[in-house]
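One structure below.
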Amino acid sequence: MTISGAAASAPRWRLVAREGEDVVITTVDADLDVTHVQRRPRERWWDADDAGTRWVWSETNRWYPGILATPSLVARCHDLRLAHAILRRSALVADADALRAATQWDVAGKEEAQPLTAPTLFDVEGTSPAGVPDDPEEVLAEFRRQQLAIRGSSNAARLRLLVAAESAGALLAVEMHSAGVPWDRRTHERILEETLGTRPSPGEQPERVREAAQRVRAALQDPSANLDSQPKLLRSLHRVGISAESTNRWELAEYDHPAIAPLLVYKKLTRLMSANGWGWLDEWAADGRFRPVYVPGGVVTGRWASSGGGALQIPRQLRPAVRADPGWTLVVADVAQLEPRVLAAMASDDALAGAARGQDLYEGIVNSGVVRTRQEAKIAVLGAMYGATTGDSGRLVPALRRAYPRAMGLVDAAATTGEQGGVVSTWLGRTSPRATAQWRDVQAAAALPEATESDRTRARRAARDRGRFTRNFVVQGTAAEWALAWLADLRGRLAALPPVGANDAARNSAAVFERRPHLAFFLHDEIIVHTPVVYADAVADAVRQAADGAARLLFGRFPIDFPLDLRVAQDAAKS
DNA sequence: AATAATTGCGCG
DNA sequence: AAAGCGCGCAATTATT
């Protein structure tokens, strides 16, 4: 159960696979030769984790829940499915033909989410519509293909890091699902009641929603106006002289009419009710834990996606419902301006890194005299990374280009590559998808002598759209890598803390996390650790040290800060 | 009746 | 005030 932090300079790879009713464990040496094969009955194949072992398996979602239930933690693994997805299209891999030919390891991105509730290992078998292989020969063959691809790549160290970080993330995703986010039902109910009114009977609307709807209908002088159907609402608005083209919040706010204010309230309230109302509470947090399914690598850039419960969209308003158990507390941390800091390091832009020194990068930019206000700095930086060309943001970007030519040069080059149909890569070598056939057709059509002006306009727009995507890909993707390195480092530090209490009789899977500090939530650049109060300081230190560790792991000695906004509190409400 | 597309809004 | 990137989900309308 203890995870050793000892550097395993020569990791021992142990491949696990299925053969009939048994689990076959194949040990492989540094030359990728098999040194040992073991066959064990599947019911109890797992005994203990060894320091220095890296478990190689088809898919963490398939193998880890059963181990966690024993209960045990795995220190290191190599997830063949996730690694395959990275390596088969990494521009760093010189020859990916063999990997690309192994299509049985390709799983459509959105179909990846697996049921993670299985109490034992093989209960999930067959539930995956497009399951990756699990037989010993193919697992070994794919592992060899991947190792050869990495060894023959232009930067094996970075790809190794990326695959290890991705795999650590996969372990953590299963663990966080198992542990869950501590969720205080009564706090959530209180927020709902204060905002919406008391819980209505099924089919009814809560009081505040009814009131808001009444006020809108009165102002529209239409007692039967439908506020939930966009086209009908739009027609109702037009009838009273509100000539909006859409019903989105920002456009409606521009009109001065007594119906607008209550309508915006109505939209706000019904959103809360349908997305995170009583129904959500019953379905997702009834037992005091919210257990989202995380999907590592679910976003093209390498960010995680999620499936079920809207894990990545919990409204700030409900953050107070994330509440530590009695005797426990939360360590809540997020990175200030992760993406521009990552950009400064990638581009070795000393000027931007200098502005980033300290807590607030935007203030740093203001202090350098590049723009006048913090708000301008923020808009300019976001515009630079997203490719804004118009509005305030577009106007401010040129000032940034003058002040930080290296950083801006990097994202501008990524945009140009994308516009021309090329691919771009993150710092560790995750590579963007190739241009689609449809995209290339549009470009080709515009290049023909008989192309119309509209063909050319269409092609230009498609090119710029793709340029904005690749521009952002390098930054968002590298930020995701930094975050993974942070998580992986922190995970190791938390595992090194001795469990509290002495309840060795506890055998259910949740017991692992009832006795030790554990990550409970992760969202792009922020984490929540749920910890016994006695470990609060140790955990806070670990979170900071892990951030430093991630910075050095990715960017070596380049002087870039990643300051954290960190707080220790009973609940996760923003202070 | 089932599935796809559209709109809007929550998160970073 | 809502541009510029990446998502998931609910409600509705459109299509099959």
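Counting from 65, one number per residue, gives the positions in the first sequence under the working numbering.
The beta-carbon is built from N, C-alpha and C at its ideal position, and this holds for glycine as well.
Give me the DSSP bridge partner(s) of residue i.
i    : result
A357 : Inspection of the sequence shows that residue 357 is occupied by Val rather than by Ala. V357 is bridged to S371.
D346 : DSSP, once it has assigned bridges, lists no residue as partnering D346.
A582 : Reading the sequence as shown, one finds His at residue 582 and not Ala. Answer is H594.
D386 : It should be noted that the sequence gives Val, not Asp, for residue 386. According to DSSP, V386 bridges with W247.
V399 : L628
Sorted by chain position, which residues of the same chain lie with C-beta nearer than 8 Å to residue i's C-beta, five sequence neighbours on each side aside?
i    : result
G422 : G428, D625, P627
D199 : A81, R82, E83
T480 : G531
D635 : D248, T251, R383, P384, A385, V386, R387, A388, L394
G433 : none
L336 : L256, T259, L260, P379, Q381
Comparing alpha-carbon positions, which option in the options lies nearest residue i?
i    : options                : result
T334 : A544, E107, A277, V593 : A277
V506 : F619, T521, L492       : T521
A400 : D629, L551, A584       : D629
D424 : M410, P581, P404       : P404
F533 : A509, A289, S496, W550 : S496
D389 : G352, R224, D413, A411 : G352
R106 : G556, W127, K296, L583 : W127
V357 : S288, N125, A549       : N125
L226 : A160, L151, I89        : L151
G482 : L492, A448, N536       : N536
A641 : A165, D113, D292, A549 : Here the chain covers residues 65 to 639 and nothing more, so residue 641 does not appear.
V364 : W119, A139, A149       : A149
M410 : S122, P623, I131       : P623
P246 : L618, A584, R104       : A584
R465 : A415, R616, E253, A133 : A415
From what residue to what residue does the beta strand (DSSP E) around residue i run?
i    : result
D86  : 86-92
W119 : 117-121
G100 : The sequence as given places His at residue 100; Gly does not occur at that position. Segment 98-105, the beta strand (DSSP E) holding H100.
D476 : Run containing D476: none in the beta strand (DSSP E); it sits in the alpha helix (DSSP H), 469-483.
D143 : 141-143
In chain order, what residues of the same chain have a beta carbon less than 7 Å from the beta carbon of residue i, not counting five sequence neighbours either side?
i    : result
V435 : I429, A441, A444, L460, A463
D553 : A610, G613, A614
R249 : L345, A349, G352
P563 : R579, R580
G366 : T490, R494, G541, A544, E545
I131 : W110, V138
Reducing DSSP to helix, strand and coil, say where residue i ends up.
i    : result
P246 : strand
L394 : strand
S496 : coil
S307 : coil
Q178 : Bear in mind that a pLDDT of 43 at Q178, under 50, signals an unreliable position, so the model cannot answer this.
S154 : coil
A338 : Per the sequence shown, residue 338 should be read as Ser rather than Ala. Helix.
S489 : strand
Y450 : helix
I378 : coil
D589 : coil
Q609 : helix
H302 : helix
In the DSSP assignment, find the alpha helix (DSSP H) that holds residue i and state where it starts and stops.
i    : result
W77  : It is not in any alpha helix (DSSP H) - W77 instead sits in the beta strand (DSSP E) that spans 76-83.
R631 : It is not in any alpha helix (DSSP H) - R631 instead sits in the beta strand (DSSP E) that spans 628-633.
A213 : 200-215
D95  : Here D95 belongs to no alpha helix (DSSP H), and DSSP marks it neither H nor E.
Y128 : 124-132
L554 : 517-559
Suppose the cutoff is 6 Å on Cβ atoms and the five residues either side in sequence are ignored; what does the same chain contact list for residue i look like?
i    : result
P360 : G233, A234, A237, W368
Q168 : P197
P264 : P270
T91  : R78, T99, H100
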